[in-house]
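Colleague: One structure follows; several queries about it will come next.
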Amino acid sequence: MPVISSKKPYRIGRSRTGLGLFATKPIKKGSKIVRYFGPLLDSKKKKDDAVDNKYLFEISNRWTIDGSVRKNIARYINHACKPNAESDVSARKRKVVIRAIKNIEPGEEINYDYGTDYFKIFLKPIGCKCDACEKKRKKKRAEARAEKLRLKLKAEKKVAKKAVRATAKSRGKTTIAKGVVDKGTITKATVAKTANAHARGTGKPTKTKAARTKSLTTRPDQPASPALASQASSDN
Ligand SMILES: [Zn+2]
Numbered sequence: 012m013p014v015i016s017s018k019k020p021y022r023i024g025r026s027r028t029g030l031g032l033f034a035t036k037p038i039k040k041g042s043k044i045v046r047y048f049g050p051l052l053d054s055k056k057k058k059d060d061a062v063d064n065k066y067l068f069e070i071s072n073r074w075t076i077d078g079s080v081r082k083n084i085a086r087y088i089n090h091a092c093k094p095n096a097e098s099d100v101s102a103r104k105r106k107v108v109i110r111a112i113k114n115i116e117p118g119e120e121i122n123y124d125y126g127t128d129y130f131k132i133f134l135k136p137i138g139c140k141c142d143a144c145e146k147k148r149k150k151k152r153a154e155a156r157a158e159k160l161r162l163k164l165k166a167e168k169k170v171a172k173k174a175v176r177a178t179a180k181s182r183g184k185t186t187i188a189k190g191v192v193d194k195g196t197i198t199k200a201t202v203a204k205t206a207n208a209h210a211r212g213t214g215k216p217t218k219t220k221a222a223r224t225k226s227l228t229t230r231p232d233q234p235a236s237p238a239l240a241s242q243a244s245s246d247n
């Protein structure tokens with residue numbers, strides 16, 4: 012890591028994506044922070060044109076700064092979509108300086124926008140990790156969570172509603188069942204009466220008929236509750 016004079020208002024430090032450049036002193040909006048420094052590459056020269064690394068800074072169609080050299084402190088500055096600095100390009104002088112576009116406080120990371128080409132080639136495929144994009148992602152995640160929760164609650168509500176409807180339906184069924192039971196009891200009583208009449212008529216009640224009559228009238232474990240009566244009726 013290059014040594015930076017303590018007079019400079021920045022230091023190299025750990026950032027979200029690896030290393031970054033951080034303010035150590037207040038930096039005034041508009042002031043020059045650091046030069047983007049490196050040998051000039053001439054695209055008309057085959058050898059120069061063949062150079063490829065992540066730190067190439069294109070000044071014009073012809074000239075590019077190869078910023079991969081160790082002395083180029085500016086290469087530690089990370090990209091941000093909403094930066095606090097900018098690259099100030101002077102095509103005529105073939106010079107680039109990084110300039111503050113906001114007042115930067117000590118401790119703040121210094122960023123500038125690398126431009127659309129760099130973003131498309133290097134950042135979009137891996138996802139930009141700048142504060143603005145992280146915030147956006149966080150917001151999206153929070154929204155997704157909220158939506159998931161909303162759907163879950165909706166599903167739960169639906170289930171609860173179904174349960175209520177099912178209860179109401181089964182209550183309705185109980186009423187109907189009661190009617191059936193009553194009918195059944197009546198039928199049975201009628202049968203019993205008929206059996207009695209038959210028995211009386213013949214004078215010789217058969218054992219089964221008498222037993223049935225007895226079971227209907229005197230079973231001790233069959234109180235006249237509709238539920239149990241229904242059990243009794245389902246015995247037949
Ligand atoms: Zn971003």
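Using the numbering used here, read the sequence shown as starting at 12 and increasing by one per residue. Beta carbons: idealized from backbone N, C-alpha and C, even for Gly.
Say whether the segment 123 to 137 touches the segment 172 to 180, bearing in mind that this needs 3 or more beta-carbon pairs closer than 8 Å, one atom from each stretch.
Modeller: Short answer: they don't touch.
Colleague: A111 bridges to which residues according to DSSP?
Modeller: Answer is A96.
Colleague: What is the rounded straight-line gap between the Cα of C144 and the Cα of G41?
Modeller: The alpha-carbon atoms of C144 and G41 are separated by roughly 25 Å.
Colleague: Assess, as a yes-or-no matter, whether the segment 26 to 38 is touched by the segment 46 to 63 under the definition of 3 or more beta carbon pairs within less than 8 Å.
Modeller: They do not touch, by the three-pair rule.
Colleague: How about G248 and N83: do their beta carbons lie closer than 8 Å?
Modeller: Residue 248 is absent from the structure shown; the chain starts at 12 and stops at 247.
Colleague: If you scan the segment 113 to 181 from start to end, which runs of the alpha helix (DSSP H) of 4 or more residues do you find wholly inside it?
Modeller: DSSP runs (the alpha helix (DSSP H)) wholly in the segment 113 to 181: none.
Colleague: State the Cα-Cα distance for the pair A111 and D128, rounded to the nearest angstrom.
Modeller: One C-alpha to the other measures close to 22 Å.
Colleague: Can you give me the Cβ contacts of R27 inside the same chain, cut-off strictly under 6 Å, excluding the 5 residues immediately before and after it?
Modeller: Answer for R27: K140, listed in chain order.
Colleague: Consider the C-beta atom of A143 and the heavy atoms of ligand 1; say whether any pair is separated by less than 7 Å.
Modeller: For ligand 1, at least one heavy atom lies less than 7 Å from the Cβ of A143.
Colleague: Could you tell me the boundaries of the beta strand (DSSP E) in which K43 lies?
Modeller: K43 to Y47 is the extent of the beta strand (DSSP E) around K43.
Colleague: Can A91 be considered in contact with ligand 1, in the sense that its beta carbon sits closer than 7 Å to one or more heavy atoms?
Modeller: For ligand 1, at least one heavy atom lies less than 7 Å from the Cβ of A91.
Colleague: What residues match up with T35 in a beta bridge as DSSP calls it?
Modeller: DSSP output for T35 lists no bridge partner at all.
Colleague: Got a sec, what are the start and stop residues for the alpha helix (DSSP H) D10 sits in?
Modeller: Since the first residue shown for the chain is 12 and the last is 247, residue 10 is missing from the structure and cannot be characterised.
Colleague: Please state whether DSSP places Y87 in a helix, a strand or coil.
Modeller: Reduced to three states, the DSSP call for Y87 is helix.
Colleague: Assign V191 to one of three DSSP states: helix, strand, or coil.
Modeller: Annotation note: pLDDT 48 at V191 (below 50); position unreliable, coordinate value reported separately. Note: V191 maps to helix in three-state DSSP.
Colleague: By how many angstroms is the C-alpha of R103 removed from the C-alpha of W74?
Modeller: Each residue's alpha carbon lies about 10 Å from the other.
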